[in-house]
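S.K.: Chains as they are written, first to last, in this note's numbering: chain D, 27 to 103; chain A, 118 to 479.
1. Kindly indicate which three-state DSSP category residue 84 of chain D falls into: helix, strand or coil?
2. Would you call the CB atoms of residue 378 of chain A and residue 412 of chain A closer than 9 Å?
3. Pick from A:152, A:226 and A:191: whose alpha carbon is nearest that of residue 171 of chain A?
4. Under 7 Å between beta-carbons, which chain D residues line up against residue 450 of chain A? List them in chain order, please.
5. Taking the alpha helix (DSSP H) that residue 242 of chain A belongs to, which residues open and close that run?
6. Name the chain D residues that come within less than 7 Å of residue 250 of chain A, Cβ to Cβ?
7. Any beta carbon from chain A within less than 9 Å of residue 55 of chain D's own beta carbon?
8. Could you tell me the distance, in whole angstroms, from the CA atom of residue 301 of chain A to the CA atom of residue 471 of chain A?
9. Just to check my reading of the structure: residue 157 of chain A and residue 202 of chain A have Cβ atoms closer than 8 Å, yes? What is that Cβ distance to the nearest angstrom?
10. Against chain A, does residue 87 of chain D count as a neighbour if the rule is that its beta carbon must be under 9 Å from one of theirs?
11. Straight-line CA distance for residue 322 of chain A to residue 451 of chain A?
12. On the criterion of 16 or more Cβ atoms from any shown chain inside 10 Å, does residue 268 of chain A qualify as buried, or is it exposed?
13. Can you tell me which of A:167, A:449, A:399 and A:356 puts its alpha carbon nearest to the alpha carbon of residue 281 of chain A?
14. Where does residue 32 of chain D sit, in a helix, a strand or coil, going by DSSP?
15. Quick check on residue 203 of chain A: does DSSP put it in helix, strand or coil?
16. Using a Cβ-Cβ cut-off of 9 Å, state whether residue 31 of chain D counts as contacting chain A.
17. Quick one: what does DSSP say residue 290 of chain A is sitting in, helix, strand or coil?
18. Give me the Cα-Cα distance between residue 68 of chain D and residue 33 of chain D, rounded to the nearest whole angstrom.
19. Mind checking which residues open and close the beta strand (DSSP E) that includes residue 58 of chain D?
20. Would DSSP call residue 55 of chain D helix, strand or coil?
21. Just to confirm my understanding: we take residue 295 of chain A, look at its own chain, exclude 5 residues before and 5 after, and list those with CB closer than 7 Å. What are they?
22. Using the C-alpha atoms, what's the distance from residue 297 of chain A back to residue 289 of chain A?
23. At 4 residues or longer, and completely inside the segment 354-432 of chain A: list those alpha helix (DSSP H) runs for me, N to C.
24. Are the segment 453-466 of chain A and the segment 311-325 of chain A in contact at 8 Å, needing three or more beta carbon pairs?
25. Report yes or no: do three or more beta-carbon pairs, one from the segment 421-433 of chain A and one from the segment 457-472 of chain A, lie closer than 8 Å?
26. Could you tell me which chain A residues have their CB closer than 8 Å to the CB of residue 48 of chain D, listed as they occur along the chain?
27. In this structure, does DSSP put residue 322 of chain A in helix, strand or coil?
28. Kindly indicate the opening and closing residues of the alpha helix (DSSP H) around residue 161 of chain A.
29. Heavy atom of the ligand SAM less than 8 Å from the Cβ of residue 340 of chain A, yes or no?
30. Checking contacts by CB at 9 Å: is residue 254 of chain A closer than that to chain D?
31. Kindly list, in the order they appear in chain D, the residues whose Cβ is closer than 9 Å to that of residue 218 of chain A.
32. Using only the alpha-carbon positions, how far apart do residue 31 of chain D and residue 255 of chain A sit?
33. Exposed or buried, which one is residue 22 of chain D when buried takes at least 16 other CB atoms within 10 Å?
34. Measuring CB to CB, does residue 334 of chain A end up less than 9 Å from residue 73 of chain D?
35. Excluding the 5 residues preceding and the 5 following residue 271 of chain A in the sequence, name in chain order all residues of the same chain whose CB lies nearer than 6 Å to its CB.
36. Expressed to the nearest angstrom, what Euclidean distance is found between the alpha-carbon atoms of residue 466 of chain A and residue 401 of chain A?
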């Protein structure tokens, strides 16, 4: 699974990053988490408010910090 | 125009909102809320008598003494401002759950200039915004086809006119100053945005941004019940009050010292009405300074209390909040230098005008 956290690196983005990491750990899924900080790259994904979470190319959340339970739901299983 | 993509390709086909679910408010919750509000009000009313009791009776300090005045000011103002801030941030947090950036964008995309400038400035008050969200937001506006001038009205109003600034001004300086700040802040955002729109500077947006116009925006709408909105309010309080309380206390601390120790009219010669040059100086000094509203208002209060003129102080405050160097650096990624210069010049002139106007009429 490939998870991207989109955001310029503000506090909310860091929080989202931690939540996603925790969810991945809790679910025990194989996933690579990467950060996308470049505005151009983020915008080209169709994302215009941050933080956003993209899992395997699907945008899961835009403009808010998701709850860990939500992220676990996206991870499936 | 925006297309609404439901989470296509979602393996299990569940919409995002179903995870959280739409929660309704219960009678118990409503009753609890009213009780909290009543307790809030009763405690709030006791703050002034308590501060007098604490400083003059309990500590036995003399009324009118430097230390007594400073301590009474601090013991009264810090809980007062914190309580006001908590309440308003909670309410605005709830209101904000109605005005997501996606909805704001969609709404403004259909607007023409002038009317659009007015709406954009007003939406700037209630739409969630922080300086690091300025660029994605700008991109989203361009992508949705919001006119450039309307976008600027929003970008000016969003950081400058916010609930924290208004609450603090009201709490520390009274409703008149808060109302003046709110009104002039909105007017500057509307007029400056309108003016920038007239200049037809679309070519000064970076080229890669222009190309976004053809693209699509991903929108995930949340289905919220009142209970969810209350959660949003609580989160806003935890987030914002948790972040700004230290600035508020530090600011009030500085205010208390000035209140107790700095002689009256100390600032009058440098920041008084007669010193016309102090308005432009205040604006220029304010640009490289960056502080949120929470940090600057108590300082403003102290300056005003010591004879600085209202116009000069307002100009300083607006310049610090609305024209910040970090935001310019970030905006440089999407705007060419010429447009940033125009932005600073137009907003700076608006602030100058406000400063001179209030020094003249008050």
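For each residue, glycine too, the CB sits at the ideal point set by N, CA and C.
M.R.: On the basis of the coordinates in this document:
1. strand
2. no
3. A:191
4. 65
5. 232-243
6. 75 and 76
7. no
8. 7 Å
9. Going by Cβ atoms, the distance from residue 157 of chain A to residue 202 of chain A rounds to 12 Å, so no, they are not a contact pair.
10. yes
11. 6 Å
12. buried
13. A:356
14. strand
15. helix
16. no
17. helix
18. 8 Å
19. 58-62
20. coil
21. 283, 286 and 287
22. 14 Å
23. 359-378, 385-388, 395-403 and 410-422
24. yes
25. yes
26. Per Cβ cutoff of 8 Å: no residues; residue 48 of chain D is ~16 Å from chain A at best.
27. strand
28. 144-169
29. You won't find the ligand SAM in this model; it holds no ligand whatsoever.
30. yes
31. 74, 75, 88 and 89
32. 20 Å
33. The question about residue 22 of chain D has no answer here: the residues shown for chain D are numbered 27 through 103.
34. yes
35. 237 and 241
36. 11 Å
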